[in-house]
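To start, the structure under review is shown below, and the notes come after it.
Protein chains: 2
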Amino acid sequence: MGRKATDPGSGRFAYEGLDRLLHEKARLGILTSLLTHADGLGFNDLKALCALTDGNLSRHLQVLEEEGLLKVEKGYEGRKPKTHCRMTASGRERFLAYVTVLEQVIRDASAAGKERAGSKVRKAGEGLSPA
Amino acid sequence: MGRKATDPGSGRFAYEGLDRLLHEKARLGILTSLLTHADGLGFNDLKALCALTDGNLSRHLQVLEEEGLLKVEKGYEGRKPKTHCRMTASGRERFLAYVTVLEQVIRDASAAGKERAGSKVRKAGEGLSPA
């Protein structure tokens with residue numbers, strides 16, 4: 017309770033690296049799907065994997081393509097039009113950097129969760145050793 | 017590439033549990049700060065830890081309190097008004113459930129990232145063994 021705003025912990029939980037472009041539920045699904053499918057995915061497959069509507073998926077794909085995270089190619093499979101999406105190298109890099117920040121959030125939350133579970137008497141900030 | 021929308025993987029990357037109320041950068045910071053400080057935090061400490069402005073922090077605190085995730089108490093420290101924030105038990109539960117979904121996102125992304133790093137020749141979906 018006695019912590020002051022001048023503590024070295026200032027900004028400790030600001031998570032500046034949480035890229036706002038990527039920090040959106042549907043976009044996380046799209047990017048993880050594409051990361052998991054190195055050859056890319058067709059529009060319908062992506063739609064199913066992320067449980068999105070046509071309109072929603074189209075809108076997100078457009079934004080993500082404009083930002084260079086993925087490449088959307090429109091072509092044909094026989095006579096049927098087919099849209100294929102693939103992650104770009106820079107998109108993969110940017111997404112993995114974002115995932116690193118997510119990992120930090122989880123580490124912070126897990127540490128606190130475990131500490132509380134371990135002893136309800138202890139108070140946060142009492143300088144518990146990691147062991 | 018030959019995956020169909022009827023695959024058992026439908027909705028595999030939908031991350032339905034990614035609670036929209038919590039899936040916001042500033043709110044993640046606020047909730048992780050409070051989870052880490054079992055006795056709660058004063059307004060100014062929270063502001064510093066999350067690197068937020070007064071207005072921004074107030075707005076998020078109000079929403080999170082209305083949703084029952086935290087309790088905001090206004091009192092005095094000597095003659096100075098002091099606002100103290102503390103996570104509720106149900107807030108902690110809801111946040112930890114959200115964190116569990118984040119962990120799934122990271123597992124998915126990490127698995128794909130490692131697979132790609134391991135061999136650029138392999139294709140996703142070829143049924144690689146975990147080893």
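Protein chains in written order, with my numbering: chain B, 17 to 147; chain P, 17 to 147. All residues carry an ideal CB built from backbone N, CA and C; glycine is no exception. Here the structure is a predicted model, which is why all the values come from computation and not from measurement.
Span of the alpha helix (DSSP H) around Glu-82 of chain P | 70-82
Per-residue contacts from Ser-106 of chain P into chain B (C-beta, under 9 angstroms) | Per Cβ cutoff of 9 angstroms: no residues; Ser-106 of chain P is ~15 angstroms from chain B at best.
What did DSSP end up calling Tyr-114 of chain B once you bin it into helix, strand or coil?
-> helix
In or out: Thr-69 of chain B buried (at least 16 other Cβ within 10 Å) or exposed?
-> exposed
For Gly-56 of chain B, does the count of other Cβ atoms within 10 angstroms reach 16, so buried, or fall short, so exposed?
-> buried
Nearest-angstrom Cβ-Cβ length linking Ala-64 of chain P and Ser-26 of chain B, presumed shorter than 8 angstroms = 5 angstroms
Spell out a yes or no on whether the region 87-102 of chain B and the region 48-62 of chain B are touching, meaning 3 or more CB-CB pairs, one atom from each, closer than 8 angstroms.
-> yes
Cβ of Gly-27 of chain P less than 8 angstroms from any chain B Cβ?
-> yes
Considering only the beta carbon of each residue, do Leu-118 of chain P and Val-121 of chain B sit closer than 8 angstroms?
-> yes
Which residues, in order along the region 85-101 of chain P, keep a beta-carbon less than 7 angstroms from a beta-carbon of chain B?
-> Only those residues of the region 85-101 of chain P whose C-beta falls short of 7 angstroms from the nearest C-beta of chain B would be listed, and there are none.
Short CB-CB distance (under 8 angstroms) between Val-121 of chain P and chain B = yes
Would you list the residues sitting across from Thr-104 of chain B in a DSSP beta bridge?
-> Looking at the DSSP assignment, Thr-104 of chain B forms no beta bridge with any residue, so it has no partner.
Specify, as a first and last residue, the run of the alpha helix (DSSP H) that Leu-47 of chain B falls within.
-> First-last of the alpha helix (DSSP H) with Leu-47 of chain B: 41-52.
In whole angstroms, what is the alpha-carbon distance linking Glu-81 of chain B and Gly-91 of chain P?
-> 50 angstroms
Going by beta carbon distance, what residues of the same chain come within less than 6 angstroms of Arg-43 of chain B, once the five residues before and after it are set aside?
-> His-76
Can you tell me the Cα-Cα spacing of Gly-71 of chain P and Leu-86 of chain B, whole angstroms?
-> 36 angstroms
Which residues in chain B sit within 7 angstroms of His-76 of chain P, going by Cβ to Cβ distance?
-> Residues of chain B passing the Cβ test: none, with the nearest at roughly 13 angstroms.
According to the neighbour-count rule (16 or more other Cβ atoms, all chains shown, within 10 Å of its Cβ), is Ala-113 of chain P buried or exposed?
-> Exposed is the call here.
Are the beta-carbon atoms belonging to Leu-51 of chain B and Phe-111 of chain B less than 8 angstroms from one another?
-> yes
In the structure shown, what three-state DSSP assignment does Glu-119 of chain B receive?
-> helix
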